[in-house]
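Taken in sequence, the protein lines are chains A and B.
Take the first sequence: its position 144, counting from 1, is numbered 143 in numbering that gives the first Met the number 0, and each next residue is one higher.
Take the second sequence: its position 72, counting from 1, is numbered 71 in numbering that gives the first Met the number 0, and each next residue is one higher.
Where is the CB? At the ideal position from N, CA and C, for every residue including glycine.
So the structure is just underneath, and the comments pick up after that.
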Amino acid sequence: MGATYIYDDSFDGLLTALFTAYCAAQKPDAIAAESEFEDGLFVEKVPLKTDPRKAAKAVNIISNFISLDAMHNIFYAFLAESENHGGVIYDYFKFGIEKGRKADKFLHDPRVIGVHKLRDKLHCEKHRLLGLIRFKKVETGAAGEINSRRHIYYAEIEPDNNVVGLVAPHFAHRLPGEPWMIHDLKRGIAALNDGQGGGANWSVVDISLNGAPQSAENEDIYQDLWRAFLKSLVIETRINPKLQKRCMPVRYWKHLVEMAD
Amino acid sequence: MDVKDKLKILSAAAKYDVSCVSSGSSRQNTEGGIGNAAESGICHTWGADGRCVSLLKVLLTNNCIYNCAYCINRTTNDVPRASFTVDEIVDLTINFYIRNYIEGLFLSSGVEVNANYTMERMLLAVKKLRIEKKFNGYIHLKAIPGADYSLVSEAGRYADRMSVNIELPSEESLKALAPQKNRENILLPMKRIGAEIIEKAEEHKKNYKAPQFVPAGQSTQLIIGASPEPDYKIIKLSESLYDKFNLKRVFYSAYIPVSDNPKLPVISKPPLLREHRLYQADWLLRFYGFLADELVNPARPQLDAALDPKAAWAVNNLHLFPVEINRASYETILRIPGVGVRSAKKIVTARRVHALNFDDLKRLGVVLKRAKYFITCSGKYYEKLVYEESSLRVKLIGPPPALPGSGAAGLKKKKEDEGQLSLFENDIPHDVSTNISAAVTGEF
C-alpha cells in the first residue's frame, strides 16, 4: 500500500502536499486534510509540514504545466470545503500533469469533473450571495468607531462554502465609502471594509461578537419599506411558492430581511 | 400620505411591467461615489410569484391622462392615486441599494399633465441620483411616448437601459384598446434610441472617455392574450425589433384581467404556458440562430403547446436528423432538442480530445431526455426507433389522449382572418425610414 499525505487544512498545506507528491519517486495513494483523515489499518500516514516555498512552487507547476485556469479551479475546489476535496484535487492534479495544457478539455473524465463540479458549486453560491446578502445599519458605539463614524453596515451569512473572501471585492468596489462587514457565522470569519474608499481596503479576519449588534436609527423603517415593497409587487394570479423556493433555497431565508419571521 | 403608502401604491401600479433585468451594463463606480453595475446582472430576491426582483420598480406617479383598456392605471379605473417626490425616490433608491436589497432603480410613470412634463420629472430624479448623489448603480428608465426626443436623449445619458412598451402587437388592437395612443409615438422614440445607441457606442469604442448612451440597450414589452394576434405575428414582430431596431430584449406578459372592458377577452387565468412558449421561441431567435419562419408560419400560426418550440421544429424537420455528436458543427448541435448553449459548448470542447459516447454525454451534464431521439454517437443510436413524426411525438409527449389537457387545449385559438390581423400596415410617418413599416409588420 502507498502512503497518504496529510496536510494541515490550509491552502498552502494542500499545495505543499501536491508539490511533495510531484517530486516523490514513490507517489502517494492519496492526499487528505488533517481534519477529515480517518486512520485505517493499512494506511501509511505521512504528515507534512506546510512550507510556503513549496506551495509557491506548486503554483508555478500548475500554472505553467497545466494552465492558469487549472490553478483557479484548484483554488475554488479547495474553498468548496466538500468532503475529501484534497483527494479530488490530487486526482485532478495528477491528470493535469499527465495531459498538460489540454487537461481541462477532458470534460467527460471523472477526474476533471470532480474538480469542475466543486468549482461550479462555489461559483453558484458566490453569485447567489451577491444578491442575497443583506446589510443592516448598526451602531458600533464610541469604542467601535470606524472612520469617525459610529455605524457600520453589517451582514450575517451562513454559506455552504467558504465564499466570504470571494464576495468581498464586489462590495469593496460597490460601497468603498461605507464601513461594512460581512460576517460568516459558520466559520467565525468576516470580511471588513473600513470605508476609506479605494476599492481595495478590505480584509478577512477571525471574529466573534458578544451578542447581536444594535440597529441604528431608521434601520427598521427601511426594512419595513422593503417588505412592504415586495408584498405589493406580487402578482396574485401568478403565485408560485415552488418556483420561489427553487430560485431562493430556504436555507438562506434566515438572514433575509424580507423572509425571516 | 407617507412614503410607505406611496410605495405600496406605486409598486403595485408598476408590477405588470415584467422586465426586472439588471444585466448588460458594466458601469464603474466613480471617485467618492456609490455603486456600480454588474455585467451579468444580479437577482436580489424572488417574490411569492417566483419572479426575480433586482430593481426598485416603481412609478413616479400613477396619475395618468390616458385610458388604455388593458392598464390598471387608466383614468377611469377607481384605484388610489399617489406621486413620489424626487427626493423620496432618491432616498429609497440609495437606502435600498446600500443595504444590498436592489441593483438599482426601474423608474416608470403614468402620464401626468402631458408627456414632456412627465419625462422632465423622471429626468430630474435620475439626474439627482447620478450627479448629486454620485449613484452608479443600474437605472432602467421608461421613455414616455410623445415626449420631445431631446428629453429622451438626455435621459439616455444617465440610464443603463431604456424601454418603450409596445404592449399591443398590432395597430388594430392599439386602436381598439388604447385609442389615445398612436403608433408613431411608440415606434419613433424606439427607432431614435436604437440609432443613438449604435452611434454613441461607436464613439465610445474610439474614445473610452466619450459618454455612454443606454449601455445595457433597449427593451420593450408585449401583452399576450389581450388581443387576437397569433404567435406567428408576435414572433415576427420580435424578430424585426431585434433586427431593425437593435433591441436587446422583448418581454412577453401574459394578459392578466385588470378590467371588465367588453373589448377585452374574458379569461380565468393568464395564458402562462403560451407566454412560456413565446419566451422559448424568443431565446431560439437570440441565441440559437433560428429564424422566426422556421418556428411558426402562416399555415401553422401558433406554437405547439405540448412541445417546446425546438422539439416541435425538430419533429417537423426529421430529414435533418439524426445529428452525429462527434462531427456536427456547433450550430447544428445547438439545434438538437434539449441541448442548450452550455451543453453544446461542452460537447465541442470535449470531442476534440475524445470521441464521445452516450455515457460521456451524461457525465458532461447533457440532458438526454429529448436529445437521445435526435443524435448518434460515433454512428450508434441510443435505442431502436421509427423515424417519423407521429412516433417521435408519442415518445416525446406520450400518446395523444394523455396530452396535458386543459392548458394545451385552451391555447389553441381558432385561426383568425389574416387580413384583420395585419400589423401597422397603414402609412408610416415621414421621419421614420421606409423599412420601418416592414420592421413592425414583420412582412418583408
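Per DSSP, the bridge partner or partners of residue i
{"i": "I156/A", "result": "D183/A"}
{"i": "S34/A", "result": "DSSP lists no partner for S34/A."}
{"i": "V454/B", "result": "This structure gives no information on residue 454/B, because the portion of chain B shown stretches from 0 to 443."}
{"i": "I138/B", "result": "L104/B"}
{"i": "C376/B", "result": "K379/B"}
{"i": "C51/B", "result": "W45/B"}
{"i": "L58/B", "result": "S107/B"}
{"i": "I96/A", "result": "Its beta-bridge partners do not exist; DSSP assigns none."}
{"i": "K205/B", "result": "Note: K205/B sits in no beta bridge, so no partner."}
{"i": "I33/B", "result": "F134/B"}
{"i": "D205/A", "result": "I188/A"}
{"i": "P46/A", "result": "I5/A"}
{"i": "K136/A", "result": "Y152/A"}
Residue i to residue j span [Cα, whole Å]
{"i": "G136/B", "j": "E37/A", "result": "50 Å"}
{"i": "D7/A", "j": "S34/A", "result": "8 Å"}
{"i": "G406/B", "j": "W312/B", "result": "Note that G406/B has pLDDT 41, beneath the 50 cutoff, so the model's placement of it is unreliable and no number is given."}
{"i": "L121/A", "j": "A211/A", "result": "28 Å"}
{"i": "V314/B", "j": "L391/B", "result": "7 Å"}
{"i": "C67/B", "j": "P79/B", "result": "17 Å"}
{"i": "M258/A", "j": "W252/A", "result": "5 Å"}
{"i": "T117/B", "j": "H254/A", "result": "39 Å"}
{"i": "N184/B", "j": "Y148/B", "result": "11 Å"}
{"i": "S24/B", "j": "A31/A", "result": "43 Å"}
{"i": "T3/A", "j": "S81/A", "result": "18 Å"}
{"i": "P271/B", "j": "F134/B", "result": "The sequence shown places Leu at residue 271/B, rather than the Pro named in the question. Roughly 37 Å between the two C-alpha positions."}
{"i": "K414/B", "j": "D292/B", "result": "Legend: pLDDT at K414/B = 33, less than 50; position of this residue unreliable, value from coordinates given subsequently. Near 18 Å, if we compare the C-alpha coordinates of D292/B and K414/B."}
{"i": "P144/B", "j": "F95/B", "result": "29 Å"}
{"i": "P178/A", "j": "N209/A", "result": "20 Å"}
{"i": "G34/B", "j": "D359/B", "result": "44 Å"}
{"i": "K411/B", "j": "P300/B", "result": "Confidence is the limiting factor: at K411/B the pLDDT is only 37, short of 50, which leaves the residue's position unreliable, though a coordinate-based value still follows. Taking the straight line joining both Cα atoms gives about 10 Å."}
{"i": "R148/A", "j": "L191/A", "result": "15 Å"}
{"i": "Y221/A", "j": "L78/A", "result": "34 Å"}
{"i": "Q25/A", "j": "C376/B", "result": "40 Å"}
{"i": "L420/B", "j": "T219/B", "result": "Residue confidence is low: L420/B scores 32 on pLDDT, short of 50, so the model does not pin down where it sits. Its coordinate-derived value is still stated next. Taking the straight line from one Cα to the other gives about 21 Å."}
{"i": "S9/A", "j": "R250/A", "result": "27 Å"}
{"i": "S231/A", "j": "K199/B", "result": "38 Å"}
8 Å Cβ cutoff met for residue i and residue j
{"i": "L123/B", "j": "V57/B", "result": "no"}
{"i": "E111/B", "j": "S152/B", "result": "no"}
{"i": "P321/B", "j": "I396/B", "result": "no"}
{"i": "L294/B", "j": "L306/B", "result": "no"}
{"i": "D1/B", "j": "A81/B", "result": "no"}
{"i": "Y372/B", "j": "F357/B", "result": "no"}
{"i": "A177/B", "j": "L167/B", "result": "yes"}
{"i": "L165/A", "j": "K116/A", "result": "no"}
{"i": "C246/A", "j": "C19/B", "result": "no"}
{"i": "I181/A", "j": "I206/A", "result": "no"}
{"i": "Y75/A", "j": "R118/A", "result": "yes"}
{"i": "I101/B", "j": "L174/A", "result": "no"}
{"i": "D16/B", "j": "I238/A", "result": "no"}
{"i": "E261/A", "j": "L184/A", "result": "No answer is possible for residue 261/A: it lies beyond the span of chain A, which begins at 0 and ends at 260."}
{"i": "D159/B", "j": "V125/B", "result": "no"}
{"i": "T75/B", "j": "S108/B", "result": "no"}
{"i": "V45/A", "j": "P27/A", "result": "yes"}
{"i": "L355/B", "j": "N325/B", "result": "yes"}
{"i": "R276/B", "j": "A304/B", "result": "yes"}
{"i": "A215/B", "j": "S22/B", "result": "yes"}
{"i": "N217/A", "j": "A171/A", "result": "no"}
Rounded distance between the beta-carbons of residue j and residue i, thought under 8 Å
{"i": "A102/A", "j": "G95/A", "result": "4 Å"}
{"i": "Y91/A", "j": "I60/A", "result": "Y91/A to I60/A, Cβ: 13 Å. No contact."}
{"i": "Y448/B", "j": "Y254/B", "result": "Residue numbering for chain B in the displayed model covers 0 to 443; residue 448/B lies beyond these limits and cannot be assessed."}
{"i": "I138/B", "j": "G193/B", "result": "Contact doesn't hold; Cβ gap of about 19 Å is too wide."}
{"i": "I64/B", "j": "A12/B", "result": "Incorrect: roughly 15 Å between the Cβ atoms, too far for contact."}
{"i": "L129/A", "j": "H169/A", "result": "6 Å"}
{"i": "R362/B", "j": "H107/A", "result": "5 Å"}
Would you check if the segment 121-132 of chain B and the segment 159-166 of chain B touch, i.e. whether three or more CB-CB distances between them fall below 8 Å?
no
Is it a yes or a no for the segment 195-207 of chain B touching the segment 248-266 of chain B, going by three-plus beta-carbon pairs under 8 Å?
no
With contact counted as at least three CB pairs below 8 Å, one residue from each stretch, are the segment 77-88 of chain B and the segment 230-241 of chain B in contact?
no
Is it a yes or a no for the segment 120-138 of chain A touching the segment 42-56 of chain A, going by three-plus beta-carbon pairs under 8 Å?
no
Taking contact to mean 3 or more Cβ pairs, one atom from each stretch, closer than 8 Å, check whether the segment 327-338 of chain B and the segment 361-369 of chain B are in contact.
yes
Below 8 Å, how does it come out for the segment 29-49 of chain B and the segment 225-232 of chain B: are there three or more Cβ pairs, yes or no?
no
Chain D contacts from the segment 211-235 of chain A (Cβ-Cβ distance under 9 Å):
Included in the structure are the protein chains A and B, with no chain D among them.
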